[in-house]
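Just below is one structure, and these are the notes that go with it.
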Amino acid sequence: MCYNNEGESIVFMHKVRRLAFGTDHTAIKIRDKVKNYLQKREYEIEDFGFYGSGSCDYPDFALKVAKAILTKRADRGILICGTGIGMSVAANKIKGVIAATCWDENTARLVAQHNAADIICLGSRTTTLNGICRRIEIFLESQFEERHSQRIKKIKEIEKIVQY
Ligand code: RB5
277 MCYNNEGESI
287 VFMHKVRRLA
297 FGTDHTAIKI
307 RDKVKNYLQK
317 REYEIEDFGF
327 YGSGSCDYPD
337 FALKVAKAIL
347 TKRADRGILI
357 CGTGIGMSVA
367 ANKIKGVIAA
377 TCWDENTARL
387 VAQHNAADII
397 CLGSRTTTLN
407 GICRRIEIFL
417 ESQFEERHSQ
427 RIKKIKEIEK
437 IVQY
């Protein structure tokens with residue numbers, strides 16, 4: 277059993293190592309710098325693109341990263357588009373995955389601790405390179421807290437509803 281700063285028990289999770297990484301055309305200039313930052317910290321990265329020219333459609337990369345989480349090829353995912361919002365909307369359509377856009381270091385920590393997020397989504401147009409790297413690092417180092425598990429169970433129950 278592990279405990280957080282408040283002395284509450286938290287679920288033990290194996291150390292996050294393998295990352296699924298996906299970006300759209302808005303992140304071309306920062307993509308390699310973010311990857312280098314993470315590789316220096318010994319994370320293994322599977323990069324799903326985008327590596328074409330011109331522009332692309334962010335849902336294609338959200339789907340690939342979400343699949344890597346569901347098939348357990350990756351421990352956590354990182355998605356970057358212009359705002360992080362399109363990527364999170366698309367990834368959250370995939371049953372079994374929780375993706376969250378984070379706008380500061382606090383939300384990067386909380387989506388892991390409270391929301392059990394598998395994937396962090398960030399905005400290349402709304403965040404500095406340094407801000408993106410720091411948020412990813414905080415997200416990867418934060419662990420889910422057991423006291424929130426009832427809420428996550430309810431989210432999983434909602435996923436089972438096919439239609440009204
Ligand atoms: C692409 O122009 C832009 O819409 C996309 O990167 C993202 O910000 C969508 O949420």
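Under the working numbering, the first residue of the sequence shown is numbered 277, with each subsequent residue one higher. Think of the CB as a built atom: it goes at the ideal place given N, C-alpha and C, for glycine as much as any other residue.
- Inclusion of T359 in the 7 Å shell around the ligand RB5 follows from its C-beta lying nearer than that to a non-hydrogen atom of the ligand.
- In the DSSP assignment, I434 falls within the unbroken alpha helix (DSSP H) covering S425 to E435.
- When the alpha-carbon of A350 is set against those of A342, C357 and I356, the nearest one is in A342.
- Within 10 angstroms of the beta-carbon of I414 lie 16 or more other beta-carbons, which makes it buried.
- In this structure the segment 404–424 touches the segment 344–360; the number of beta carbon pairs closer than 8 Å is three or more.
- Cβ-Cβ distances below 6 Å link A388 to F415 and S418 in the same chain, with the five nearest sequence neighbours on each side left out; the list follows chain order.
- Beta-bridge pairing by DSSP links A296 to E322 and G353.
- For the pair A384 and T402, the Cα-to-Cα distance works out to about 15 Å.
- The residue from E435, I431, K316 and T404 with its alpha-carbon nearest to that of K305 is T404.
- Just so you know, the alpha carbons of D308 and Y440 end up roughly 44 Å apart.
- Looking from the CA of K436, the closest CA among K348, V373, V310 and P335 belongs to V373.
- If you ignore the 5 residues before and after G360, its C-beta comes within less than 6 Å of the C-beta of T377, C397, L398 and G399, all in its own chain and listed in chain order.
- According to the DSSP assignment, C409 belongs to the alpha helix (DSSP H) that extends over L405 to E417.
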